[in-house]
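Everything on this sheet refers to the single structure shown next.
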Amino acid sequence: MSETMVRPDFVQTPRGVQDFGIVEQELTVFERLYNQVWLRKTVLIVVLILAWELYARHLDNPLLVPTFTDTISAWWDGMVSGVLPDRVSTSLQVLAIGFSTGVVLAFVLTVLAITTRIGTDFLETMTAMFNPLPAIALLPLALIWFGLGIGSLVFVLVHSVMWAVALNTHAGFRGVSQTLRMVGRNYGLSGLRLVLWILIPAAFPSILAGLKIGWAFAWRTLIAAELVFGVASGKGGLGWYIFESKNELDIPEVFAGLLTIIMIGLLVENVVFRSIELHTVRRWGMQN
Amino acid sequence: MLDKTNAAPPLLDVRGVTLQYKTRDHLVTATYRVDFCVQRSDRFILLGPSGCGKSTLLKAVGGYMAPVEGEIRLKGQRITRPGPDRMMVFQEFDQLLPWKTVRQNVVFALQTSGKLRGRAADEKAMQYIEKVHLTRFADAYPHTLSGGMKQRVAIARGMAMEPDILLMDEPFAALDALTRQRMQDELLMLWEETRFTVLFVTHSIPEAVKVGNRILLLSPHPGQVKAELNSVRPGGDAAALEARIHAMLFADRVEENAHV
């Protein structure tokens with residue numbers, strides 16, 4: 029009934045190489061170039077720039093859309109005259125103060141959260157309340173509390189950085205395996221020393237993700253806040269540069285300001301954070 | 306002979322230890338009034354089926370949890386918290402710090418516990434890394450190592466600390482059968498060299514008989530001492546002892562079935 033068919037054994041010799049059309053052949057130059065990510069992206073950007081240039085020339089209205097060449101020359105003039113670098117450094121200084129304050133506060137909050145139960149409740153309640161609140165919405169209040177100055181900017185920056193970083197760091201700490209904690213305690217570590225030597229490095233992928241999000245939030249918030257109220261203590265930042273140029277109807281300069289924001293964003297993401305990643309979490313095999 | 310061993314004060318003295326832990330809904334008694342003594346240079350095995358509280362018992366010796374009844378003394382001192390005089394080797398491969406190389410992992414243990422610093426720590430670390438045949442991988446990060454190599458680093462780290470007692474929680478359970486056998490042989494060779502004291506948890510009868518010189522047999526739910534046996538000497542009849550232990554554990558299951 030279920031008897032299988034009897035099949036004869038067979039043995040055969042493999043064919044020689046000369047019988048195959050291709051054993052191994054190099055890809056064509058085009059195929060190899062097309063496999064390069066950076067090249068594909070560069071080509072995309074060049075195409076976009078070309079489209080921009082052609083459209084702007086076709087439109088021929090520099091008040092609406094200046095050409096790419098106009099934008100670049102405005103950017104170059106700004107750089108050479110020292111106006112743009114000045115504005116950038118003002119923005120970055122405020123950003124550095126706000127970002128680092130936010131990170132320190134987030135760290136304090138998270139350490140409290142993992143050491144005490146009431147700290148956890150506090151962090152969870154606060155982040156649930158304030159994380160969805162756009163930092164810009166606090167600006168009018170900040171202006172009343174801290175006046176027209178760096179204080180207000182730093183306040184909204186801290187707000188935009190702190191919750192994102194705290195949330196990610198806390199999630200990272202909770203994700204550290206019980207085994208690693210026990211290893212740390214086995215060495216006699218406890219309290220803040222355990223946090224510093226075991227929890228922070230072990231949770232570093234999450235912490236880094238939090239810092240990235242915090243940086244992006246802070247950068248956006250800063251430019252927006254500068255656009256709204258501009259000059260802090262007589263020195264304006266990039267947002268103020270854009271606002272001012274718009275008022276003077278110098279649209280190529282507006283575009284140059286936007287371009288600078290994009291470039292700084294790309295630089296921080298692809299150079300600063302990427303090299304931190306390469307030297308830490310990737311090298312440690314904690315992230316692929 | 307018996308009098309002589311009783312006269313020596315035990316290195317580790319576990320007296321009437323009852324351990325309980327809380328899950329979300331239950332208070333679970335893991336072990337009930339367990340007694341045993343570990344002498345210096347013992348390879349003392351805690352053996353039992355899953356749920357006999359052997360790992361919990363090891364954690365209590367490690368100082369990670371306090372007994373609700375009874376006490377645990379190491380060299381006469383009551384154990385209250387984790388410390389580098391009782392180094393743990395875990396089953397999990399993630400027990401090495403992934404952000405440190407093999408050498409840094411061992412050095413870090415020596416330094417943070419305040420045992421050694423600087424050059425001395427480095428030399429001690431390399432000495433034990435050599436003992437587990439990983440000199441070539443001293444500067445490799447843990448994620449590049451195989452499971453067996455990671456466990457060897459963990460053992461080197463534990464031994465480099467030269468603790469009073471080495472606590473091993475099923476260290477070879479997650480390895481493949483061939484690697485496990487080799488690791489057992491290597492552990493015995495290391496013991497021949499340095500005669501350290503080890504408290505070793507396992508649920509494998511052959512492993513217990515091979516690795517241990519004294520075996521504590523625990524019954525499940527909650528763990529109670531069922532027997533304390535001497536393991537076979539080299540060349541002895543391991544199979545007979547394995548069969549005897551197996552019968553003891555198996556008897557339990559028959560009883561359980563009979564009650565149902």
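Protein chains in written order, with our numbering: chain A, 29 to 316; chain B, 306 to 565.
Just so it is clear, CB atoms sit at the ideal spot from N, CA and C, and this is done for glycine as well.
Predicted model only: the values in this text are computed from it and were never measured.
I'd like the ranges of any beta strand (DSSP E) spanning at least 3 consecutive residues and lying wholly in the region 44-107 of chain A.
Fully enclosed beta strand (DSSP E) runs of 3 or longer: not present.
Mind checking which residues open and close the alpha helix (DSSP H) that includes residue 473 (chain B)?
As a working mapping, residue 473 (chain B) is identified with position 168 in the second sequence. Note, residue 473 (chain B): premise wrong, no alpha helix (DSSP H); beta strand (DSSP E) at 470-474.
For residue 306 (chain A), which residues in chain B fall below 8 angstroms Cβ to Cβ?
The residue labelled residue 306 (chain A) in the question sits at position 278 within the first sequence. Within chain B, no residue comes near residue 306 (chain A); the closest Cβ sits about 13 angstroms away, beyond 8 angstroms.
Under 8 angstroms by Cβ, that's how I've got residue 264 (chain A) and residue 196 (chain A) pegged, so tell me the actual separation to the nearest angstrom.
On the first sequence, position 236 is the one that residue 264 (chain A) refers to. On the first sequence, position 168 is the one that residue 196 (chain A) refers to. Incorrect: roughly 32 angstroms between the Cβ atoms, too far for contact.
Any chance the region 382-395 of chain B sits against the region 360-372 of chain B, with 3 or more Cβ pairs inside 8 angstroms?
Yes: at least three Cβ pairs fall under 8 angstroms.
Measuring alpha carbon to alpha carbon, tell me which of B:555, B:554 and B:520 ends up nearest residue 340 (chain B).
Against the second sequence, residue 340 (chain B) aligns to sequence position 35. Closest by alpha carbon: B:520.
List, in order along the chain, the chain B residues whose C-beta lies closer than 8 angstroms to that of residue 311 (chain A)?
Residue 311 (chain A) sits at position 283 when you count from the first residue of the first sequence. By Cβ distance, chain B contributes 446.
Secondary structure at residue 455 (chain B), three-state DSSP: helix, strand or coil?
Position 150 of the second sequence holds residue 455 (chain B). Helix at residue 455 (chain B).
To the nearest angstrom, how far is the alpha carbon of residue 438 (chain B) from that of residue 210 (chain A)?
In the second sequence, residue 438 (chain B) corresponds to position 133, counting from 1. In the first sequence, residue 210 (chain A) corresponds to position 182, counting from 1. About 26 angstroms.
Could you tell me the distance, in whole angstroms, from the CA atom of residue 325 (chain A) to the CA atom of residue 316 (chain A)?
Within the shown structure, residues of chain A are numbered from 29 to 316, placing residue 325 (chain A) beyond reach of any answer.
Find the residues of chain A that neighbour residue 393 (chain B), judging by a C-beta separation of less than 7 angstroms, and give them in chain order.
Here residue 393 (chain B) refers to the residue found at position 88 when the second sequence is read from its first residue. Near residue 393 (chain B) (Cβ distances below 7 angstroms), the residues of chain A are 210 and 214.
Assuming residue 227 (chain A) and residue 204 (chain A) make a contact with CB atoms under 8 angstroms, what is their CB distance in whole Å?
Taking the first residue of the first sequence as 1, we reach residue 227 (chain A) at position 199. Taking the first residue of the first sequence as 1, we reach residue 204 (chain A) at position 176. Sure, about 6 angstroms apart at Cβ, within 8 angstroms.
Quick check: the Cα distance between residue 396 (chain B) and residue 185 (chain A), rounded to an integer number of angstroms?
Stepping through the second sequence from its first residue, residue 396 (chain B) is reached at position 91. Stepping through the first sequence from its first residue, residue 185 (chain A) is reached at position 157. In a straight line, the C-alpha of residue 396 (chain B) is about 45 angstroms away from that of residue 185 (chain A).
Relative to the C-alpha of residue 581 (chain B), which candidate in B:491, B:546 and B:392 has its C-alpha closest?
It is not possible to answer for residue 581 (chain B), since the shown part of chain B is limited to 306 through 565.
Enumerate, from N- to C-terminal direction, the unbroken beta strand (DSSP E) stretches of 3 or more residues contained entirely within the region 336-423 of chain B.
Fully enclosed beta strand (DSSP E) runs of 3 or longer: 348-352, 374-379 and 391-394.
Could you check whether the Cβ of residue 233 (chain A) sits closer than 8 angstroms to any Cβ belonging to chain B?
Here residue 233 (chain A) corresponds to residue number 205 of the first sequence, with the count starting at 1. So, not an interface residue.
May I ask you to report which of helix, strand or coil DSSP gives residue 505 (chain B)?
The sequence position of residue 505 (chain B) within the second sequence is 200, counting from 1. In the structure shown, residue 505 (chain B) sits in a strand (DSSP, three-state: E or B).
May I have the straight-line CA-CA distance separating residue 42 (chain A) from residue 55 (chain A), to the nearest angstrom?
Here residue 42 (chain A) is taken as the residue at index 14 of the first sequence, counted from 1. Here residue 55 (chain A) is taken as the residue at index 27 of the first sequence, counted from 1. Rounded to the nearest angstrom, the two C-alpha atoms are 27 angstroms apart.
Figure out for me which residue from B:356, B:508 and B:461 has the closest Cα to the Cα of residue 479 (chain B).
Start at 1 with the first residue of the second sequence, and residue 479 (chain B) comes out as number 174. Considering only alpha carbons, the answer is B:508.
Which stretch, first to last residue, makes up the beta strand (DSSP E) that contains residue 319 (chain B)?
Taking the second sequence and counting its residues from 1, one reaches residue 319 (chain B) at position 14. Looking at the DSSP string, the run of the beta strand (DSSP E) that includes residue 319 (chain B) is 317-327.
Any beta-carbon of chain A closer than 8 angstroms to the one on residue 326 (chain B)?
What you label residue 326 (chain B) is simply residue 21 of the second sequence in a count that begins at 1. So, not an interface residue.
Would residue 97 (chain A) pass as a contact of residue 81 (chain A) if the rule is Cβ separation under 8 angstroms?
Here residue 97 (chain A) refers to the residue found at position 69 when the first sequence is read from its first residue. Here residue 81 (chain A) refers to the residue found at position 53 when the first sequence is read from its first residue. It is a contact, given that the beta carbons lie within the stated cut-off.
I'd like the ranges of any beta strand (DSSP E) spanning at least 3 consecutive residues and lying wholly in the region 239-289 of chain A.
You should have found no qualifying run.
Closer than 8 angstroms is the cut-off here; do at least three beta carbon pairs connect the region 311-328 of chain B with the region 480-493 of chain B?
In short, these stretches do not touch, since the Cβ pair count stays below three.
So within the region 486-560 of chain B, which uninterrupted beta strand (DSSP E) runs reach at least 3 residues, ignoring any that extend past its ends?
The qualifying runs are 503-507, 519-524 and 529-535.
I'd like to know whether the C-beta of residue 303 (chain A) is nearer than 8 angstroms to at least one C-beta of chain B.
Mapped onto the first sequence, residue 303 (chain A) falls at position 275. It does not: the Cβ of residue 303 (chain A) has no partner Cβ on chain B nearer than 8 angstroms.
Quick check on residue 227 (chain A) - is its C-beta less than 8 angstroms from some C-beta in chain B?
The count along the first sequence starts at 1 and reaches residue 227 (chain A) at position 199. No, because no Cβ of chain B sits closer than 8 angstroms to the Cβ of residue 227 (chain A).
Using a Cβ-Cβ distance cut-off of 8 angstroms, determine whether residue 425 (chain B) contacts chain A.
Along the second sequence, read from residue 1 onward, the residue named residue 425 (chain B) stands at position 120. No, residue 425 (chain B) lies away from the interface with chain A (no Cβ there is under 8 angstroms from its Cβ).
For a quick check, are the C-beta atoms of residue 126 (chain A) and residue 181 (chain A) less than 8 angstroms apart?
What you label residue 126 (chain A) is simply residue 98 of the first sequence in a count that begins at 1. What you label residue 181 (chain A) is simply residue 153 of the first sequence in a count that begins at 1. Contact: yes.
Consult DSSP for residue 217 (chain A) and reduce its assignment to one of helix, strand or coil.
Along the first sequence, read from residue 1 onward, the residue named residue 217 (chain A) stands at position 189. If DSSP states are grouped into helix, strand and coil, residue 217 (chain A) belongs with coil.
From residue 99 (chain A) to residue 106 (chain A), what does the alpha carbon distance come to, in whole angstroms?
Against the first sequence, residue 99 (chain A) aligns to sequence position 71. Against the first sequence, residue 106 (chain A) aligns to sequence position 78. So the two alpha carbons sit approximately 10 angstroms from each other.
Quick check on DSSP: helix, strand or coil for residue 41 (chain A)?
In the first sequence, the residue the question calls residue 41 (chain A) occupies position 13. It is coil, neither helix nor strand.
Taking a contact to mean a Cβ-Cβ separation below 8 angstroms, would you say residue 516 (chain B) touches residue 505 (chain B) in this structure?
Position 211 of the second sequence holds residue 516 (chain B). Position 200 of the second sequence holds residue 505 (chain B). Closer than 8 angstroms, so yes.
Does the count of Cβ pairs from the region 238-255 of chain A and the region 59-75 of chain A closer than 8 angstroms reach three?
Judged by Cβ distances under 8 angstroms, the region 238-255 of chain A makes no contact with the region 59-75 of chain A, as fewer than three pairs qualify.
Need the endpoints of the alpha helix (DSSP H) that residue 153 (chain A) sits in, please.
The residue you call residue 153 (chain A) lines up with position 125 of the first sequence. Segment 145-158, the alpha helix (DSSP H) holding residue 153 (chain A).
In whole angstroms, give me the CA-to-CA distance for residue 427 (chain B) and residue 408 (chain B).
Here residue 427 (chain B) is taken as the residue at index 122 of the second sequence, counted from 1. Here residue 408 (chain B) is taken as the residue at index 103 of the second sequence, counted from 1. If I take the Cα positions, the gap works out to 8 angstroms.
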